[in-house]
Amino acid sequence: MELRQLEHFVAVAEEQHFTRAAERLAVSQSGLSASVRALEHELRTPLFSRTTRSVRLTEAGQALLTEAERTLAGARAARDAVDAVRGLLRGTLTLGVEQCVAGVSTARLLAAFHREHPHMEIRLRQEGTSSLLDGVAGGRLDLAFAATVSPPEWRGDLVPLARERMVVLCSPGHRFAEEGARVAWDDLRGESFIDFHPDWGPRRAADEAFTAAGVRRTVALEVSDVHSLLELVHEGLGIAVVPHHFSRKQEAGGLVAVDVAGAHRPVYESVVVLPPSRAMSPGAKALMTLVREAPLR
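Each residue of the sequence shown is one higher than the one before, starting from 1 at the first, in the UniProt record's numbering.
This is the structure we're talking about:
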């Protein structure tokens with residue numbers, strides 16, 4: 001079994017298409033197909049279920065994918081470690097980030113990293129927290145900026161970035177905007193909520209707070225970006241429980257931010273998710289050096 005075969009296998013698994021995988025790898029489709037068939041022959045089992053319209057992993061393929069990603073990540077780390085000893089920082093830094101994560105400016109951070117290490121290729125993936133944790137655990141991501149990670153979910157290193165209260169955002173015409181700067185948990189019963197998909201950090205934090213307070217709520221409108229959420233709140237289609245810094249965005253102008261009074265106030269936390277220190281790539285270590293610099297926070 002060769003690393004090249006594993007790279008071909010992972011590309012097909014991610015693209016779910018031989019032609020797209022071949023284009024991505026800049027190899028011929030016939031050569032890619034032959035490489036995958038040779039791997040299946042060596043393992044004595046099909047890795048993909050092929051039809052004229054789709055390519056999907058078999059159960060054996062699913063099992064191999066996790067180990068193949070880990071093996072390829074280890075090989076990359078080994079090459080990067082040798083380059084680091086030689087005083088070079090080459091290779092690829094793959095970073096995962098939640099949308100609008102607090103505590104770090106992703107754009108400024110990556111710009112500074114690129115200036116210091118111009119030979120490193122940077123790849124950025126925006127995903128929800130659960131997907132980010134899986135990515136770091138599986139070696140697909142060198143590190144990730146995530147939100148609301150509990151210790152049972154991640155037993156590796158977590159570096160705190162920010163902690164802030166969450167607020168209720170509502171339109172100026174909503175009754176909460178007229179009643180004052182705070183609402184009680186009981187006041188939230190029966191309201192229609194706008195929120196992110198369950199995997200996003202702010203949604204997870206809000207769900208945990210509502211559960212702890214013993215209040216059931218209905219999320220009528222689910223979105224995957226901040227701008228859509230703010231637009232829907234502006235139109236009075238519901239209220240949203242969001243990190244406080246969302247209320248300071250330009251698009252939130254005119255909306256009213258209201259605190260939740262009493263116990264179990266919702267809190268949003270952001271962290272850097274790191275693999276075990278022995279598994280950190282040189283690129284990840286270099287990025288963490290910049291993360292700890294105040295101007296980029």
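For every residue, glycine included, the Cβ atom is placed at its ideal position computed from N, Cα and C.
Residue i versus residue j - alpha carbon distance
| i | j | result |
| --- | --- | --- |
| Phe246 | Leu72 | 38 Å |
| Ile239 | Val168 | 7 Å |
| Leu32 | Cys170 | 54 Å |
| Glu98 | Phe145 | 6 Å |
| Glu2 | Phe9 | 11 Å |
| Leu6 | Val260 | 51 Å |
| Ser130 | Asp199 | 6 Å |
| Leu287 | Asp157 | 15 Å |
| Phe18 | Gln29 | 7 Å |
| Glu293 | Arg24 | 36 Å |
| Thr45 | Ala77 | 29 Å |
| Arg79 | Asp186 | 57 Å |
| Pro118 | Ser281 | 16 Å |
| His174 | Gly236 | 7 Å |
| Arg189 | His197 | 20 Å |
Contact set for residue i: own chain, Cβ-Cβ below 6 Å, skip 5 residues either direction
| i | result |
| --- | --- |
| His264 | Ala209, Ala212 and Ala213 |
| Arg182 | Asp259 and Ala261 |
| Arg217 | Phe193 and Phe210 |
| Leu276 | Here the sequence assigns Pro to residue 276, which means Leu is not the residue at that position. Taken in chain order, the residues that qualify are Gly156. |
| Ala22 | Gln29 and Leu32 |
Residue of the options minimising C-alpha distance to residue i
| i | options | result |
| --- | --- | --- |
| Val165 | Pro243, Arg70, Ile122 and Leu25 | Before going further, note that residue 165 is Arg rather than Val in the sequence given. Checking every option, the nearest Cα to that of Arg165 belongs to Pro243. |
| Lys249 | Gly283, Thr51, Asp186 and Cys100 | Cys100 |
| Met120 | Val215, Arg90 and Arg155 | Arg90 |
| His227 | Gly201, Asp195 and Ala205 | Asp195 |
| Val256 | Ser192, Pro172, Ala147 and Ala112 | Pro172 |
| Thr52 | Ala162, Val27 and Gln16 | Gln16 |
| Ala147 | Leu141, Gly201 and Gln62 | Gly201 |
| Leu221 | Arg204, Ser192 and Pro282 | Ser192 |
| Gly253 | His234, Glu127, Tyr268 and Pro266 | His234 |
| Pro152 | Leu133, Ala22, Leu143 and Gly61 | Leu133 |
Identified DSSP bridge partners for residue i
| i | result |
| --- | --- |
| Ala162 | Ser270 |
| Val223 | Phe196 |
| Ala144 | Gly96 and Val273 |
| Leu29 | The sequence as given places Gln at residue 29; Leu does not occur at that position. Gln29 pairs with nothing; no bridge assigned. |
| Leu124 | Leu95 |
Neighbourhood of residue i by C-beta distance below 8 Å, restricted to the same chain and skipping five residues each side
| i | result |
| --- | --- |
| Leu57 | Ala13, Leu47, Phe48, Ser49 and Leu65 |
| Glu231 | Glu251 |
| Arg70 | Gly138 and Gly139 |
| Val159 | Val271, Val272, Leu274, Met288 and Val291 |
Cβ of residue i within 8 Å of any chain C Cβ
| i | result |
| --- | --- |
| His197 | Included in the structure is just one protein chain, with no chain C present. |
Contacting residues, own chain, Cβ-Cβ under 7 Å from residue i (five flanking each side not counted)
| i | result |
| --- | --- |
| Gly103 | Leu161, Ala162, Ser270 and Arg297 |
| Glu40 | Pro46 and Leu47 |
In chain order, each alpha helix (DSSP H) run of at least 4 residues that lies wholly inside the segment 49-120: Those alpha helix (DSSP H) runs which fall completely within the segment 49-120 and span 4+ residues are 59-85 and 106-116.
Just to confirm the assignment: which complete beta strand (DSSP E) runs, minimum length 3, are found wholly within the segment 156-220? Here the runs fully enclosed are 157-170 and 192-196.
Fully enclosed by the segment 227-270, which beta strand (DSSP E) runs are 3 residues long or longer? With a minimum length of 3 residues, the continuous beta strand (DSSP E) runs that stay inside the segment 227-270 are 240-243 and 256-260.
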